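So the structure is just underneath, and the comments pick up after that.
Protein chains: 2
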Amino acid sequence: MKKIAILGTGSVGQTLASKFIALGYDVMIGTRNVSEKLTDTKSDGYGNKPFKEWHSLNNLAKLGTFREASAFGEILLNATKGSFSIAALKLAGAENLKGKILIDVANPLDSSKGMPPTLLPELSNTNSLGEEIQRTFPELKVVKTLNTMWNGLMVAPDMLNNGDHVVFMCGNHTDAKKKVKDILISFGWRDKNILDLGDISASRGTEMYLPLWLRVFGAFNNGAFNIKIIS
Amino acid sequence: MKKIAILGTGSVGQTLASKFIALGYDVMIGTRNVSEKLTDTKSDGYGNKPFKEWHSLNNLAKLGTFREASAFGEILLNATKGSFSIAALKLAGAENLKGKILIDVANPLDSSKGMPPTLLPELSNTNSLGEEIQRTFPELKVVKTLNTMWNGLMVAPDMLNNGDHVVFMCGNHTDAKKKVKDILISFGWRDKNILDLGDISASRGTEMYLPLWLRVFGAFNNGAFNIKIIS
């Protein structure tokens, strides 16, 4: 059984954890403080139910600290808030990251300046979260993907247009991108709709698409959309 | 005959000027220095031929200073470099802008940090060129549109997928957006593919899409592509 660690307990982490369980993976979710997470009864800022309600229905997912989850996972997936991702990976411990693939689906959103969110200035334009993670943890093989859409669509592309819309991917490690592509295909993505944009610096492009995504979301009032490249 | 001023003599301005002439508009192109522009024999930094070669084949387009063109035009179109747009509009003179629609197709690209370009920091994330123009020249009715694609596609959407792909539009003035929508339809855009994202602050979204556009361009090595929203 392939072991994967999902870092982050929010709706993105939950959706991906459920999908990996359905695909037969052994899943551990990483969080800052396990006992707090399991006793917390508050909804998050976006109106999502407390984690323990999801977990009671998805109890095949193990829960551990960032360190425990990262030690457990053969593959890691970053679904933490972009503003917290570097700190979460520091808590994981360099020895638990070494040589592993990190699938990074997070975005460096900054909600401190009102809605819709902007991007964290230090992680946009001439930098990006994907690059910052790769630079800070050179022992990881970072593959940025899936960050340009609503989480429901990440794991069920067939929900729209028979799955005919685009998912971007980038990273410095060809072998890692090949493995992540196989995972995307197992989610239902078709080879022809997985667009490799090159090295990890292309994260700038996919993360900076978020402000447009948020405006289109505002116009549609519904996250179940994506883009297709017409050429 | 409807009079339009195209500010900017580059390939975007040329393409739009040709299209407006074909549609029966009276066109004046605005530039910094008319005699310099007509005697310049150098190609631009992107390998485009000197303006005078285009102009010899498109001599229905008048050429004037930014001030002359803006006085002439009932509608204005900004196709200058994003880093120069505010200065160009200052040269136009406030009295020549008053109450007019400005169609802004420019992007605040910054090529000073290498390729692909980034965005000018002061005109991205928490600001945008569209907003900065509207704020600096409140006498204008700024409508941001067409800035998310290669200029050839702006005026010939049917080139791809029977024209079924998206063009965004935003601005603070409903009457101005209605008129610009009619112009887009005259270019061949269909009503259902013209997506109004709201007020001018949505320029942040469409301008910040450029880094992704540039990466897709890099992957395709061809600018003849656009996106379609799948929902």
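Taken in sequence, the protein lines are chains A and B.
Quick note: the first sequence, position 60, residue 451 per the working numbering, numbers continuous.
Quick note: the second sequence, position 49, residue 440 per the working numbering, numbers continuous.
The beta-carbon is built from N, C-alpha and C at its ideal position, and this holds for glycine as well.
Bear in mind the structure is a predicted one, so any value in this text is a computation, not a measurement.
- Task: Would you list the residues sitting across from I494/B in a DSSP beta bridge?
- Result: By 1-based counting over the second sequence, the position of residue 494/B is 103. Note: I494/B sits in a beta bridge opposite L468/B, V534/B.
- List the residues of chain B whose Cβ lies closer than 9 Å to the Cβ of F616/A, in chain order. Here the question's residue 616/A lines up with position 225 in the first sequence. What F616/A touches in chain B: I620, I621, S622.
- Task: Decide if A485/B is buried, meaning its Cβ has at least 16 other Cβ atoms within 10 Å, or exposed.
- Result: To locate residue 485/B, count along the second sequence from 1; it is residue 94. It counts as exposed.
- Task: Using 10 angstroms around the beta-carbon of K535/A, count the other beta-carbons present and answer buried if the total reaches 16, otherwise exposed.
- Result: To locate residue 535/A, count along the first sequence from 1; it is residue 144. Result: buried.
- Message: My assumption, with CB atoms under 8 Å, is that I585/A sits in contact with Q525/A. Please give the rounded CB distance.
- Response: As a first step, residue 585/A must be located in the first sequence, where it is residue number 194. As a first step, residue 525/A must be located in the first sequence, where it is residue number 134. So it is not a contact: roughly 20 Å between Cβ atoms.
- Can you find at least 3 beta carbon pairs, one from the region 512–526 of chain A and one from the region 569–582 of chain A, that sit closer than 8 Å? no
- Item | Classification of P548/B by the beta-carbon crowding that lies within 10 angstroms, buried from 16 upward | Here residue 548/B refers to the residue found at position 157 when the second sequence is read from its first residue. Buried, by the Cβ-count rule.
- Return the CA-CA distance between S634/A and H446/A, expressed in angstroms with no decimal places. Because chain A here runs from 392 to 622, residue 634/A falls outside it and cannot be looked at.
- For the alpha helix (DSSP H) that G438/A lies in, which residues bound it at each end? As a working note, residue 438/A is residue 47 in the first sequence. Element bounds for G438/A: n/a, residue is neither H nor E.
- Apply the 10 Å Cβ neighbour rule to G404/A and answer buried if 16 or more other Cβ atoms are within range, or exposed otherwise. Reading the first sequence from its first residue, position 13 is the one you call residue 404/A. It counts as buried.
- Query: Thinking C-alpha only, which one of G436/A, G401/A, A452/A is nearest L414/A?
  - Reply: Counting from 1 along the first sequence, the entry for residue 414/A is found at position 23. Cα-wise, what sits closest to L414/A is A452/A.
- CA nearest to the CA of A479/B, picked from I620/B, R606/B, S461/B, I492/B: Taking the second sequence and counting its residues from 1, the one referred to as residue 479/B is at position 88. The residue with the shortest Cα to Cα distance from A479/B is S461/B.
- Query: Using a C-beta to C-beta distance shorter than 7 Å, which residues of chain A count as neighbours of R595/B?
  - Reply: Walking along the second sequence from the start, residue 595/B turns up at place 204. Within chain A, the residues near R595/B are P602.
- Interfacial residues, the region 533–548 of chain B to chain A, with Cβ spacing under 9 Å: T539
- Message: Using a Cβ-Cβ cutoff of less than 6 Å, which residues in the same chain neighbour M392/B once the five nearest sequence positions on both sides are dropped?
- Response: What you label residue 392/B is simply residue 1 of the second sequence in a count that begins at 1. Closer than 6 Å at Cβ, skipping near neighbours: D417.
- Closer than 9 Å, Cβ to any Cβ of chain A: which residues of the region 453–465 of chain B, in chain order? none
- Item | Members of the region 487–518 of chain B that neighbour chain A once the beta carbon cut-off is set at 8 Å | K504, T509, L510, P512, S515, N516, T517
- Item | Contact list for N552/B against chain A, beta-carbon separation under 7 Å | Taking the first residue of the second sequence as position 1, residue 552/B is located at position 161. Neighbours of N552/B on chain A, chain order: I621.
- chain A within 7 Å of R423/B, Cβ atoms only: The count along the second sequence starts at 1 and reaches residue 423/B at position 32. No, R423/B does not count as interfacial toward chain A.
- Task: For H564/A, decide whether its Cβ has a neighbour in chain B, counting only Cβ atoms nearer than 7 Å.
- Result: To locate residue 564/A, count along the first sequence from 1; it is residue 173. Answer no: the Cβ-Cβ gap between H564/A and chain B never drops below 7 Å.
- Selection of the region 568–581 of chain A by Cβ proximity to chain B, strictly under 8 Å: none
- Query: Which residue spans inside the region 492–574 of chain B form an unbroken beta strand (DSSP E) run of at least 3?
  - Reply: 492–495, 532–536, 558–562
- Could you pull out every residue in the same chain whose Cβ sits closer than 6 Å to the Cβ of S502/A, ignoring the five residues on either side in sequence? On the first sequence, residue 502/A is found 111 positions in, with the first residue counted as 1. P508, listed in sequence order.
- Any beta-carbon of chain B closer than 7 Å to the one on R606/A? Start at 1 with the first residue of the first sequence, and residue 606/A comes out as number 215. Closer than 7 Å to some Cβ of chain B, the Cβ of R606/A qualifies, so yes.
- Using the Cα positions of P441/B and L544/B, report the straight-line distance between them to the nearest angstrom. Start at 1 with the first residue of the second sequence, and residue 441/B comes out as number 50. Start at 1 with the first residue of the second sequence, and residue 544/B comes out as number 153. Rounded to whole angstroms, P441/B to L544/B spans 22 Å at the Cα level.
- Message: Check for me: the alpha helix (DSSP H) holding A396/A runs from which residue to which?
- Response: Residue mapping note: residue 396/A aligns to position 5 of the first sequence, counting from 1. Element bounds for A396/A: not the alpha helix (DSSP H) but the beta strand (DSSP E), 394–398.
- Message: Strictly under 7 Å for the Cβ-Cβ distance: is M560/B near chain A by that measure?
- Response: Numbered from its first residue, the second sequence carries residue 560/B at position 169. Cβ-Cβ to chain A under 7 Å: no for M560/B.
- Using 7 Å as the limit for Cβ to Cβ distance, is L520/A near chain B? Taking the first sequence and counting its residues from 1, one reaches residue 520/A at position 129. With 7 Å as the cut-off, L520/A does not count as an interface residue toward chain B.
- Look at the Cβ atom of L625/B, then the Cβ atom of Y437/A, and state whether they are nearer than 7 Å. In the structure displayed, chain B extends from 392 to 622; residue 625/B sits before or after that span and is not available.
- Query: How is N612/B classed by DSSP in three states: helix, strand or coil?
  - Reply: On the second sequence, position 221 is the one that residue 612/B refers to. The answer is coil: DSSP assigns N612/B none of H, G, I, E or B.
- Does the beta carbon of H556/B sit closer than 7 Å to a beta carbon anywhere in chain A? Walking along the second sequence from the start, residue 556/B turns up at place 165. So, interface residue.
- Under three-state DSSP, which class holds T597/B? Along the second sequence, read from residue 1 onward, the residue named residue 597/B stands at position 206. Helix.
- Task: Take the Cβ of P499/B as the centre, count every other Cβ of all protein chains shown within 10 Å, and call the residue buried at 16 or more, exposed below.
- Result: As a working note, residue 499/B is residue 108 in the second sequence. Answer is buried; the Cβ neighbour count reaches 16.
- Whole-number beta carbon distance between N469/B and L493/B, since they are thought to touch under 8 Å: Counted from its first residue, the second sequence places residue 493/B at position 102. Counted from its first residue, the second sequence places residue 469/B at position 78. Contact holds; Cβ gap of about 6 Å.
- Message: Tell me the residue span of the beta strand (DSSP E) that contains L586/A.
- Response: Sequence index remark: in the first sequence, residue 586/A carries index 195 (1-based). Here the beta strand (DSSP E) through L586/A covers 585–587.
- Query: Residue range of the beta strand (DSSP E) that I420/B falls in?
  - Reply: Along the second sequence, one-based indexing puts residue 420/B at 29. I420/B -> beta strand (DSSP E) spans 417–422.
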